[in-house]
Amino acid sequence: MVIPGGAQGSAPRSLQRDRRDPYSAVWSISVGQEFSKGFVGEARYAGSVGHKLFTPAYLNLIDARTGRRPLEQFGRIDEESNAGNSNFHGLILTARRSLTTGLFWETHYMWSHSIDDNSAGGGEAAPQNANCRQCERASSDFDVRHSMNTNFVYHLPTEGLRLPPLARKLLGHWDLSGTATARTGCAVNVTLARSSSDLPDGNSENQRPDVVPGAGWVPRGGATADHWINASAFAVPATGRWGNAGRNPVRGPVLWETSVALSKRVPLNERVSLQFRAEAFNLLNRSQLGNPAAELSSPSTFGRILTPMNAEVTGASTARQMQFLLRLVF
């Protein structure tokens, strides 16, 4: 079914008539063991697959043998289909210590790999070669290979200590807590702009370059914010063929961040207490960098990191922020 979008023949759209609903399957298995002194360990495997995911497709492209489109009265026809696939596998290791002797601690480490042929599952990114969706199979845009999270709460132990009333008020009911997060970088897709006349089928969107043999994507001397990707590792393909670079060949910056909080509760009577809390997010004020620009056709910005991971004023991965709270609890 072809639905003209605008003037007849200029920008038609198509909807796959037999399109099915996307579906997924999820599974996991875990084993845990309790140790002495409140320690617990757990190992878990989690997996999932997705099929019939929403994805765009291009129809009515130029036939390389004839140099003509099947429907000459139309140009390229964009079709909403559900040919996308994905899968995920992850190993999660957990260690925790229950709240005994005033300390609670928990750490999670995950090795995982998310693979798909269409990370933009809403239908925003079509294959560079409309007849080779399997050529798009690669790490997902959001794939993180290694990640670790830890958090703790430490209650200053004063119970059982013989302290003067004033000292008990000053030293009692203090809590120190914190979180730390570290992960490897996300995948980055290297693209370039090409003329439709340079491609066998006339489709110039989502094109990738060639890989230069023996040239790694990491610059000599290591990746920096101004030179994250080695431009010499990629080249413009010859006219009449697609680039041989796979999707998402580069990795962006890592993230690691620590936040802490210190709180004090002052009982005023049996039902009312005053609570003071001080929090510091991104305590070490580490620069959390976003992904580099990866458009090979823009040499002035290619390989440079131009934005932070989070450009908003608040939230995770921003510059160090501190906040203070005073609350009456009753």
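When the letters of the sequence shown are read in order and numbered with our numbering, they come out as residues 1 to 330.
Ideal Cβ positions, reconstructed from N, Cα and C, are used throughout, including at glycine.
Just so it is clear, the structure is predicted and the values come from calculations on it, not from any experiment.
- For Glu34, DSSP records a beta bridge to Val40.
- Its Cα nearest to that of Arg65, the residue Asp201 stands out among Asp201, Ser177, Pro219, Arg133.
- Using a 10 angstroms sphere on the CB of Leu306, the tally of other CB atoms stays under 16, which defines it as exposed.
- The beta-carbon distance between Leu156 and Gly90, rounded to whole angstroms, is 37 Å. This is too long to meet the 8 Å contact definition.
- The three-state reading of DSSP puts Asp210 in strand, counting E and B together.
- Inclusion of Trp105 and Arg145 in the CB contact set at 8 Å is not warranted, their separation being larger than that value.
- In the DSSP annotation of this structure, the continuous segment of the beta strand (DSSP E) that includes Asn85 starts and ends at 77-100.
- One thing to note: Gly41 has its Cβ within 8 Å of the Cβ of Ala95.
- Cα atoms of Phe142 and Asp198: separation of roughly 31 Å, rounded to the nearest angstrom.
- According to the DSSP assignment, Gly178 belongs to the beta strand (DSSP E) that extends over 174-183.
- The residue among Lys52, Val250, Ser273, Phe281 with its C-alpha nearest the C-alpha of Ala261 is Phe281.
- Its chain contains Asp175, Arg277 as the residues whose beta carbon lies nearer than 6 Å to that of Ser263, once the 5 sequence neighbours on both sides are disregarded; these appear in chain order.
- Selection Leu255, Val31, Gln128, Ser81 evaluated against Thr184 yields Leu255 as nearest (Cα-Cα).
- When DSSP states are grouped into helix, strand and coil, Pro165 belongs to the helix group.
- Ranked by Cα distance from His113, the options Val266, Thr258, Ser86 are led by Ser86.
- Under the three-state reduction of DSSP output, Gln275 falls in the strand class.
- Taken through DSSP and simplified to helix, strand or coil, Asp63 comes out as strand.
- For the set Leu289, Asn285, Leu59, Gln16, the Cα lying nearest the Cα of Ala225 is the one of Leu289.
- Here Gln128 really is in contact with Trp242; their C-beta atoms are around 6 Å apart, less than 8 Å.
- The continuous beta strand (DSSP E) containing Met148 extends over residues 146-155.
- Around the beta carbon of Asp63, fewer than 16 other beta carbons sit within 10 angstroms, so the residue counts as exposed.
- Between the segment 287-301 and the segment 243-254 there are three or more C-beta pairs closer than 8 Å, enough to call the two in contact.
- Just measuring C-alpha positions, the residue of Asp78, Leu93, Leu283, Pro12 sitting nearest Thr55 is Asp78.
- Arg320 is positioned such that its CB atom lies no closer than 8 Å to that of Leu274.
- In the three-state scheme derived from DSSP, where H, G and I count as helix and E and B as strand, Ser196 is classed as helix.
- Straight-line measurement puts the Cα of His108 at about 15 Å from the Cα of Thr258.
- In this structure, the alpha-carbon of Pro299 lies about 51 Å from that of Val31.
- Each residue's CA atom was taken as its position, placing Glu270 and Leu99 some 24 Å apart.
- Under the DSSP assignment, Thr191 falls outside any beta strand (DSSP E); it carries neither an H nor an E label.
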